[in-house]
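Residue numbering for the sequence shown follows our numbering, starting at 1 and increasing by one per position.
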Amino acid sequence: MNRRFVSCYESWLEGQKSDLADLLRISGTPGASQMQLRLITDQCLRNYASYMEQRRSLAHEDGPAYFCPPWCTSFENSVLWMGGCRPSLIIRLLYSLTGYEMEAHLDEYLQGLWTATNVGLMALSARQLQQVNDLHQRTLRAEDRLTSRLATLHEDVADKPLLPIVKERQRTDAASTSSAAVAVAASSSASSLQNFGDGHSGFAAGGNGDAAAALQSYADGQSNLVEQADALRMSTVRALATEILNPSQAVEMLIAAKQLHLSVHTWSLERDRQHGRK
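Spelled out as structure tokens, the structure:
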């Protein structure tokens, strides 16, 4: 694996840790202004966009690498969708955070002590909840379209252009075997055998070239899907953080998302080590 792919991911992980530290610092600052919260949110989104751009460039070189990346853990790979997390996952996380906050402050709520300023995501307005739901539905439909395209790409492996190449290889191999038998029976000349070998090698090179071109066409299709999936991931996070949530809610969401990502990576890395995979 090209080291640049691994370095890109490792740099992103370090960036996640740095952004999380900044988010926690501003979140824990009494009296932090809405502008300060917005600035740190914008910083995180810029870093995410930069990472997406690096991925886009690398995916054009080797799209299939992002569907089972060796730089991720086995568990992470088992839940990947188009080279990353499902865009709708961030919305599910938002719903979960809202529910957990409601449970944590249930006593206050029942006693009438809760106010909209007490907590962040629990204070989502009816309008915000409707916007989140609309975004969720749009995101799910977009995911389904990309998943359908990937399924078609998978099914095409059993069709053109690979299958005709396989069938042609079988026919040529059979003909070559028959020719070899005739050549051996007619002459034990080393030069004759060498001439046959040279001809067979020439076919192999040509056949492999056709197969390589076919595989590259699939790789290009996968690269395109990763790029579109990344764009959907980016647009979903941006819509939540800048169009639906207020600055303090956006910071709370980003903190939870980064903590979840980094924790899962750490825990699953340890699991891989226990199973002798890292």
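Just so it is clear, CB atoms sit at the ideal spot from N, CA and C, and this is done for glycine as well.
With burial defined as no fewer than 16 other Cβ atoms inside 10 Å of the residue's Cβ, what is the status of residue i: buried or exposed?
i      : result
Met253 : buried
Gln137 : exposed
Val79  : exposed
Ala212 : exposed
Thr29  : exposed
Ala257 : buried
Val132 : buried
Cys85  : buried
Cys72  : buried
Ala158 : exposed
Val126 : First, the residue type needs correcting, since residue 126 is Ala and not Val in the sequence shown. That one is exposed.
Please report the Cβ distance between residue i and residue j, rounded to the nearest whole angstrom; I am assuming they are in contact, meaning their Cβ atoms lie under 8 Å.
i      : j      : result
Ser88  : Glu143 : 6 Å
Gln228 : Leu146 : 6 Å
Thr41  : Ile91  : The pair is not a contact, with the Cβ atoms about 17 Å apart (cut-off 8 Å).
Tyr51  : Ala59  : Rounded, the Cβ-Cβ distance is 12 Å, inconsistent with contact.
Met234 : Tyr48  : 6 Å
Ile255 : Leu20  : 7 Å
Leu93  : Ala239 : Not really, about 14 Å apart at Cβ, beyond 8 Å.
Ser248 : Leu37  : 6 Å
Thr152 : Leu124 : In fact, because the Cβ distance is near 38 Å, the residues do not count as touching under 8 Å.
Do residue j and residue i come within 8 Å of each other at the CB atom, strictly closer than that value?
i      : j      : result
Met82  : Leu225 : yes
Gly15  : Ser223 : no
Leu13  : His275 : no
Asp230 : Ile165 : no
Asp272 : Ser74  : yes
What does a CB cutoff of less than 7 Å around residue i pick up in its chain, not counting 5 residues either side in sequence?
i      : result
Gln54  : Cys8
Ser263 : none
Arg56  : Glu227, Asp230
Asn17  : In the sequence on display, residue 17 carries Lys and not Asn. Leu262.
Using a Cβ-Cβ cut-off of 6 Å (strictly less than) and excluding sequence neighbours within five positions of residue i, which residues of its own chain qualify?
i      : result
Ala32  : Ile26
Pro285 : Here the chain has residues from 1 to 278 only, and residue 285 is not among them.
Cys44  : Asp19, Leu254
Trp267 : none
Glu61  : none
Below 8 Å CB to CB, which residues in the same chain sit around residue i once its five sequence neighbours on both sides are set aside?
i      : result
Thr236 : Pro87, Ser88, Ile90, Ile91, Leu135, Thr139
Leu23  : Ile40, Cys44, Val251, Leu254, Ile255, Lys258
Leu260 : Leu93
Ser148 : none
Glu10  : Trp71
Residue i: beta carbon under 7 Å from a heavy atom of the ligand SAM?
i     : result
Cys85 : The ligand SAM is absent from the structure shown, which contains no ligand whatsoever.
With a floor of 4 residues, list each alpha helix (DSSP H) that falls wholly inside the region 39–99, ordered by position along the chain. With a minimum length of 4 residues, the continuous alpha helix (DSSP H) runs that stay inside the region 39–99 are 74–78.
Sequence ranges, alpha helix (DSSP H) only - wholly within the region 121–165, length at least 4: Taken in chain order, the whole alpha helix (DSSP H) runs of length 4 or more contained in the region 121–165 are 126–155.
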